[in-house]
Structure formats: structure tokens, C-alpha cells
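Letter by letter, the sequence shown follows residues 60 to 244 of the numbering used here.
Beta carbons: idealized from backbone N, C-alpha and C, even for Gly.
What follows is a single structure, written as C-alpha cells, with notes after it.
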Amino acid sequence: MRISIVLDAERGALARMLTPFKLGLGGPIGNGSQPFPWIHIDDMAGIILWALDNPQVRGPLNACAPQAVTSRTFAAALGKVLNRPAFFQIPGFVLKLRFGEGAAVLLSGQRMVPAQAQALGYSFRYPELGPALQNLLDRKKNPEADLNRMNREPPKRGSPDELPLSDADMPDVFDLLSVIPEIGC
60 MRISIVLDAE RGALARMLTP FKLGLGGPIG NGSQPFPWIH IDDMAGIILW ALDNPQVRGP
120 LNACAPQAVT SRTFAAALGK VLNRPAFFQI PGFVLKLRFG EGAAVLLSGQ RMVPAQAQAL
180 GYSFRYPELG PALQNLLDRK KNPEADLNRM NREPPKRGSP DELPLSDADM PDVFDLLSVI
240 PEIGC
């Protein structure tokens, strides 16, 4: 499984981006034109469980949202959801000083498409960036609303809301995702 940047407002890349963006200091990485593949934490958990339960999955599986965005588009969407400007560009040389050779991954990016997941019928809960970011930030403000989501009427089979998890399963999924290295490509 090739894993894109997993978005979660409590941990990972998005959590680290929130403070600068809230201060009005956020913006694209480098020139902003590089691909910025992403996936909502719910879809990450969902695609793992779906793949384990789907014998048709073979070979590499890209765990990323179907909406391809650039670093500039991502920064603009996050700024919009936070109602903050997002025009401070992070220069490449700053990233090279901080991350050394690892900065190359951030500055060049890598285009990912969830072709196999889509072809085999995985239905994304958050295929678009704006609603995904809004959901994650709303959850951060009101965690109880997210727990209530897990206790509502069961979803119809095959719907995007069908995620075979209970509240008790969530710590296990988060533990699993925390040991998978986040790929900044």
C-alpha cells in the first residue's frame, strides 16, 4: 500500500500545519506546483479495512483521495477553511536547511491516483479536500459530534458511510496508522 499524507487535525502533517496557518503564516511549499496527495483519516482506515476484506485487491494500492491537488491548492483550501490568508510561501532553501535531502520529496511531490481502489468500488467518504478539511476541523472543535457519528443508524451496505468500526475499534486503527510512516510526497 502506498500511503499519501494522512489528514488528521490531532496528529500528523495537518496538525503541525494548523498553528502557522491560524497565525496567518501558512502557505504553499516551494513554488506550490508540486502534487500534494492526501487522504482523510477515515478513508485511510476505511481503505485498509476494505482492502483486507477484498480478495480482488492485488499489487500496489494507492491510499489517496481521488481529488488531486497541488501544494498551492492545499494551502489555499486550508486557509479558506480557517478563514486565514495562505500566501506565505515556504522557500525551498529553508526546507533544505531543515530536512536536508528529505526536502526533495516535499519540493517535488509525487502524483498519486487511487485507480485500483476506485476500479474495485471503494467509495470515499471525503473525496474532496474542502469538505475533508472542514470535517477534521469541526471534529477538533467538537469531538462529541464525531463520537455521535459512530452511534447513529447503521449505513446502507456499500455506502460511503459504511465503515465497519465501533468506538472500541478506533484506538486500534489509530495505533496502526501511527506506525505507518507518513510519506511526504
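State buried or exposed for residue i, treating a residue as buried only when at least 16 other CB atoms are found within 10 Å of its CB.
i, result
"Q115", "exposed"
"P150", "exposed"
"R131", "buried"
"V140", "buried"
"P119", "exposed"
"A134", "buried"
"L165", "buried"
"F80", "buried"
"L82", "exposed"
So which of the options has the shortest CA-CA distance to residue i?
i, options, result
"Y181", "P94, I62, S63, N113", "N113"
"L245", "A72, L166, L165", "Residue coverage of the chain in this structure runs from 60 to 244, which leaves residue 245 outside it and unanswerable."
"N201", "S63, E69, I62, I64", "E69"
"A163", "G89, L196, I64", "G89"
"L195", "S63, R61, A74, I62", "A74"
"R143", "L179, R61, S63, L77", "L77"
"S63", "A178, L179, I107", "I107"
Excluding the five sequence neighbours on either side, which residues of its own chain have a C-beta within less than 8 Å of the C-beta of residue i, listed in chain order?
i, result
"R170", "P94, P96, A127"
"L156", "none"
"Q193", "V140"
Assign residue i to one of three DSSP states: helix, strand, or coil.
i, result
"V116", "coil"
"N11", "The question about residue 11 has no answer, for the chain in this structure spans 60 to 244."
"L195", "helix"
"R75", "helix"
"L84", "coil"
Using a Cβ-Cβ cut-off of 6 Å (strictly less than) and excluding sequence neighbours within five positions of residue i, which residues of its own chain qualify?
i, result
"H99", "L66, Y185, A191"
"P173", "N121, C123, P125"
"G86", "A134, A145, F146, F147, Q148"
Excluding the 5 residues preceding and the 5 following residue i in the sequence, name in chain order all residues of the same chain whose CB lies nearer than 7 Å to its CB.
i, result
"F183", "D102, A124, P125, P219"
"T129", "G91, S92, Q93, P94, F95"
"Q177", "P125"
Quiz prompt | Ordered list of alpha helix (DSSP H) runs contained in the region 87-113, each at least 4 residues | solution = Segments of the alpha helix (DSSP H) lying fully in the region 87-113: 100-112.
Self-check item: Every unbroken alpha helix (DSSP H) within the region 117-186, with a cutoff of 4 residues, ordered by chain
Solution: With a minimum length of 4 residues, the continuous alpha helix (DSSP H) runs that stay inside the region 117-186 are 130-141, 151-158, 162-167, 174-178.
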